[in-house]
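K.L.:
Following this message is one structure expressed as structure tokens.
Number of protein chains: 2
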Amino acid sequence: MALDLAILTIGDELLSGEISDTNTRRIAGHLASRGWRIAEARTVADRNADIAQALITMAGERDAVIVTGGLGPTEDDRTARAAAEAFALRLTPSNEALVQIRAYFEERGRVMAPANEKQALLPKGTEVLPNSCGTAPGFSLNYGDTLFYFLPGVPIEMETMLLEQVLPRVQQKFPKAAALRERHIRIFGLSEPKVEELLTSRPMPPGIELGFGVDYPLVIVKLRGSDEALLDRMAANVERLLARFVAARGDQSPAAYMGELLRGKGKRLALAESCTGGLIAQMITDAPGASDYFIGAAVTYHNKAKQAWLGVPPELLDTHGAVSAPCAEAMALGMLRTSGADLALAVTGIAGPDGGSEEKPVGTVFIALACRGGDPVRVQQFEFGGDRHKVRRMTAHMAIDWVRQNLLQS
Amino acid sequence: MALDLAILTIGDELLSGEISDTNTRRIAGHLASRGWRIAEARTVADRNADIAQALITMAGERDAVIVTGGLGPTEDDRTARAAAEAFALRLTPSNEALVQIRAYFEERGRVMAPANEKQALLPKGTEVLPNSCGTAPGFSLNYGDTLFYFLPGVPIEMETMLLEQVLPRVQQKFPKAAALRERHIRIFGLSEPKVEELLTSRPMPPGIELGFGVDYPLVIVKLRGSDEALLDRMAANVERLLARFVAARGDQSPAAYMGELLRGKGKRLALAESCTGGLIAQMITDAPGASDYFIGAAVTYHNKAKQAWLGVPPELLDTHGAVSAPCAEAMALGMLRTSGADLALAVTGIAGPDGGSEEKPVGTVFIALACRGGDPVRVQQFEFGGDRHKVRRMTAHMAIDWVRQNLLQS
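Residue numbers (the numbering used here), protein chains in the order written: chain B, 1 to 410; chain A, 1001 to 1410.
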């Protein structure tokens, strides 16, 4: 039996262009890793009628629905009221919920605001789901054959309650749910059609489904099946076939995989970033423990910083400009010298929207990699397409790819 | 008449936990800025039956539906086929679409792969929507009273086509759609209940709706109405009332607003980042034109870098540790000296998950701000809650807040 699950996220801010919904990805990730299929995700605004209509439609259609958002203390948090309306239940103060909210404030030595009492008003007969890191308790109820779990929208609270409260309950309710597992391999340097062409030339064995996704500029190869050993074998096959284009495995980031290689070789990296403005350093330090292999970065946005911190000669900047192969090389060598790193990577370019010229249009980027031991500095010019955001992202991934390639070859 | 719009995003990767859907936010932003209401957003996987069912349900319920994803060349791109099934139309090769795809490759001197021919297979009788920056043409069709617009899922292609092709068509179809406008004010340093309490003590005039949102750690105040002048007056009122907590207006980021203040005062900023690892620099350089006021950053992740680049004395590190007030102060002063900036900001802390101790738990952060002219360095210790991601984000926003406060007072 394959479980049929759905996600409902609630909030005006998700439909006004202000913020992206990230809860769906978080929830879906935890469900998918248990082999459960998410059939749909829906978002509605903070309106009683819209919330109630979505709840009623989803009841009956799905085995379980995880709902997030609208449990806060303010007037536009309306999920509990809408659920009561949808399922014709009375909204009543829950003593259990009130005790939990009070305890939350007391433990932190804070005074509970009167507005927080509203968070204890829940549809009658629901089960209260404790919230260990926030004020909003969740709740769960059945309607027909469908289980509903209501969680707050704050990602950290939602995720903690999903793991502590919801998943164990779902697992208990559906002990025999078929477990489809996934393996992911992240590819850099090949287009999606090219990856598909390479992989579909060798058919997958029965029981393994092949899928593709794009997280620009990465292509994600997805293998799905229930036989873990077979999945591992097929993932290893894919990695052998695509070899040097494999940027990361599983849900690791390319920066974290690069970090693992650096740690394995006992080498340390330093950066000189111009057009990426700290993005590469941020991607690297997003991984816990990066201090083992990452010395640091000089974000030399201004030319004066390139001179002062990296020793790039002013004449070089006058002659060739900051966006040039000689400047990238001087940045990398300057960083190698000043940091004591084993590898020093430098990027300089024009991310746009301004600053481009006929000779050096927006998207022109130079990457340089210098290594301790006297090998010649590797330098290359690129012309990346797209807007500022895309140019910066592509540059960062290309730079990380260079370090990975270097480590795999050395 | 208020237009009733919906968004449907298609893709396995959106329901597997791999990536967050960002297209909904982009589309919603463009629609909301024109005063159009988005009633719901839905996501389904790459399965013909699921796509077709969602299309049929949404037809009749909404005035217009914008669909993204599943128009690529690979086997798991199934939107055109599913739309043909849903609306009982034949799938036929569109000569117009084929000409556009061919032209895309020819203009770039590339050879068209056979797989790309599939992208010209469209439901019979649809209007082709040209794609100026990718291979996948979009298409539009009517079903009953509902207009459907199908766009590729790649954000840059989707957004370009939305602006060039879809919005002018919607505007033409519904010339009298009521235009609800929004004003947003981003708040840092007050909780959502506190912001609501401050604002609801003075009721809004009729015709203005007040809403709230959270983009951690920011609270977003939203004013909605159709009278632009009244909206501007009320937004100015909110800004006066919340004064120093206003981190940014409209869809500007706090880092961009801080940059505007720096530019206005002719001052330049430099950073010394440790635990944030480049995040603050990345946020600042995300804004085009940041080179006017941003000199650069030293991401001194390793203690050696703190010594070498910022002149932090090794004895200081031995005595107080890198996560300490003296170290933050020395980092800021070192950066002020070496960069020639007017303001130098330093952060050092423990983002976790490892590295905490009883004395300095995870979340301990020191921020220091040094100014040219001899004012004493401002230093403060914080204990931020949450995981690595949250600690880094909170630290970055607090640091940017410090610079903003300094500029508003000086």
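All C-beta atoms, glycine included, are put in the ideal place defined by N, C-alpha and C.
Just so you know, these numbers come straight off a predicted model, no measurement behind them.
Tell me, please, which residues DSSP counts as bridged to A/LEU1147.
P.N.:
In the DSSP output, where bridge partners are listed per residue, A/LEU1147 has A/ALA1064, A/ASN1142.
K.L.:
Closest to B/LEU199 by C-alpha separation, out of B/MET234, B/PHE382, B/PRO175, B/SER226, would be which residue?
P.N.:
When only C-alpha atoms are compared, the closest one is B/MET234.
K.L.:
When you compare the CB of A/ILE1051 with every CB in chain B, is at least one pair closer than 7 Å?
P.N.:
Not closer than 7 Å to any Cβ of chain B, the Cβ of A/ILE1051 fails to qualify, so no.
K.L.:
What residues in its chain sit with their C-beta under 8 Å from that of B/GLU239, if we drop five residues either side in the sequence?
P.N.:
For B/GLU239, where only same-chain residues beyond five positions count, the Cβ hits under 8 Å are ILE185, VAL246, ARG249.
K.L.:
What's the call for B/ALA338, buried or exposed, on a 16-neighbour Cβ count within 10 Å?
P.N.:
It is Thr, not Ala, that sits at residue 338 of chain B in the sequence shown. Under this definition B/THR338 is a buried residue.
K.L.:
Roughly how many angstroms lie between the CA atoms of B/PRO114 and A/PHE1384, to the nearest whole one?
P.N.:
Each residue's alpha carbon lies about 25 Å from the other.
K.L.:
For B/ARG392, which of helix, strand or coil comes out of DSSP?
P.N.:
Three-state DSSP puts B/ARG392 in a helix.
K.L.:
What residue ranges within the region 1184-1270 of chain A form continuous alpha helix (DSSP H) runs of no fewer than 4 residues, ordered along the chain?
P.N.:
For the region 1184-1270 of chain A, whole alpha helix (DSSP H) runs of length 4 or above, ordered along the chain, are 1192-1200, 1228-1242, 1254-1265.
K.L.:
With 16 as the cutoff for other CB atoms within 10 Å, does A/THR1348 come out buried or exposed?
P.N.:
So A/THR1348 ends up on the buried side.
K.L.:
Report the residues of the region 1266-1290 of chain A with a CB closer than 9 Å to any CB of chain B, ordered along the chain.
P.N.:
Residues ARG1268, ALA1270, LEU1271, GLU1273, SER1274, CYS1275, THR1276, GLY1277, GLY1278, LEU1279, ILE1280, ALA1281, GLN1282, MET1283, ILE1284, THR1285, ASP1286, PRO1288, GLY1289, ALA1290.
K.L.:
Taking the alpha helix (DSSP H) that B/GLY337 falls in, what are its first and last residues?
P.N.:
Looking at the sequence shown, residue 337 of chain B is not Gly but Arg. Looking at the DSSP string, the run of the alpha helix (DSSP H) that includes B/ARG337 is 325-339.
K.L.:
Quick one: does B/SER132 have its CB under 7 Å from some CB of chain A?
P.N.:
So no, B/SER132 is outside the interface.
K.L.:
Can you tell me which of B/ASP286, B/GLU260, B/GLY153, B/ALA243 puts its alpha carbon nearest to the alpha carbon of B/CYS133?
P.N.:
Ranking the options by Cα distance to B/CYS133, first place goes to B/GLY153.
K.L.:
Just list the residues that DSSP pairs A/ALA1041 with in beta bridges.
P.N.:
DSSP output for A/ALA1041 lists B/THR43, A/ILE1007 as bridge partner(s).
K.L.:
Do B/THR276 and B/ALA396 count as a contact pair if the criterion is CB distance below 7 Å?
P.N.:
Taking 7 Å as the Cβ cut-off, B/ALA396 and B/THR276 qualify as a contacting pair.
K.L.:
Please list, in chain order, the chain A residues whose beta carbon lies closer than 7 Å to that of B/LYS118.
P.N.:
The premise fails here: B/LYS118 is roughly 10 Å from chain A at the closest Cβ pair, so nothing lies under 7 Å.
K.L.:
Give the straight-line distance between the Cα atoms of A/ILE1220 and A/PHE1212, rounded to the nearest whole angstrom.
P.N.:
For A/ILE1220 and A/PHE1212, the distance between alpha carbons rounds to 6 Å.
K.L.:
Is any beta-carbon of chain B found at less than 7 Å from that of A/THR1395?
P.N.:
No, A/THR1395 lies away from the interface with chain B (no Cβ there is under 7 Å from its Cβ).
K.L.:
In three-state DSSP terms, what is B/LEU89?
P.N.:
Looking at B/LEU89 - three-state DSSP - the assignment turns out to be coil, as it is neither helix nor strand.
K.L.:
Straight-line CA distance for A/MET1001 to A/GLN1165?
P.N.:
Its pLDDT being 49, under 50, A/MET1001 is placed unreliably in this model, and the coordinates cannot settle the point.
K.L.:
Strictly by DSSP, which residues pair up with B/GLY349?
P.N.:
BP columns for B/GLY349 point to B/VAL365.
K.L.:
Near B/LYS118, what residues of its chain come up, given a Cβ to Cβ distance below 7 Å and the 5 sequence neighbours on each side ignored?
P.N.:
Result list for B/LYS118: PRO73, in chain order.
K.L.:
Distance cutoff 7 Å, beta carbons only. Does A/ASP1077 sit that close to anything in chain B?
P.N.:
No, A/ASP1077 lies away from the interface with chain B (no Cβ there is under 7 Å from its Cβ).
K.L.:
Taking the beta strand (DSSP E) that B/ILE295 belongs to, which residues open and close that run?
P.N.:
First-last of the beta strand (DSSP E) with B/ILE295: 294-300.
K.L.:
A/PRO1137 and A/ILE1101 look like a contact to me (Cβ under 8 Å); what is the Cβ gap, rounded to whole Å?
P.N.:
Their Cβ separation, rounded to whole angstroms, is 7 Å, which keeps A/PRO1137 and A/ILE1101 in contact under 8 Å.
K.L.:
Got a sec? Which residues, its chain only, sit under 6 Å from B/LYS306 by beta carbon, not counting five neighbours each side?
P.N.:
Cβ within range, chain order: THR300, VAL312.
K.L.:
When the distance is taken between beta carbons, is B/VAL67 closer than 7 Å to B/ALA97?
P.N.:
Taking 7 Å as the Cβ cut-off, B/ALA97 and B/VAL67 do not qualify as a contacting pair.
K.L.:
So, for A/ASN1131: in the same chain, excluding its five sequence neighbours on each side, which residues have a beta-carbon less than 8 Å away from its beta-carbon?
P.N.:
Cβ within range, chain order: GLN1100, TYR1104, PRO1137, GLY1138, PRO1152, GLU1157, THR1160, MET1161.
K.L.:
What is the C-beta distance between B/PRO93 and B/ALA120, in whole angstroms, given that I count them as a contact (C-beta under 8 Å)?
P.N.:
That belief holds up - the Cβ atoms of B/PRO93 and B/ALA120 are roughly 5 Å apart, short of 8 Å.
K.L.:
Can you check whether the C-beta of B/LEU242 is within less than 7 Å of a C-beta belonging to chain A?
P.N.:
Not one chain A Cβ lies under 7 Å of B/LEU242.
K.L.:
Report the residue from A/ASP1292, A/MET1258, A/GLN1381 whose alpha carbon sits nearest the alpha carbon of A/GLN1409.
P.N.:
Of the listed residues, the one whose Cα sits closest to A/GLN1409 is A/MET1258.
K.L.:
Quick one: grab the DSSP three-state call for A/PRO1376.
P.N.:
In this structure, A/PRO1376 counts as coil in the three-state DSSP scheme.
K.L.:
Counting only the same chain and skipping the five closest in sequence on each side, list residues whose C-beta sits under 8 Å from that of A/THR1079.
P.N.:
Here the set comprises ILE1010, ILE1051, VAL1067, GLY1069, GLY1070, LEU1071, PHE1150.
K.L.:
Looking at the strands, I want to know which residues DSSP matches up with B/CYS371.
P.N.:
For B/CYS371, which the question treats as bridged, DSSP gives the partners B/LEU343.
K.L.:
Do A/LEU1003 and A/PHE1174 count as a contact pair if the criterion is CB distance below 7 Å?
P.N.:
Yes, these two residues count as a Cβ contact at 7 Å.
K.L.:
List, in order along the chain, the chain B residues whose C-beta lies closer than 8 Å to that of A/PRO1217?
P.N.:
Chain B residues near A/PRO1217: none, gap ~11 Å exceeds 8 Å.
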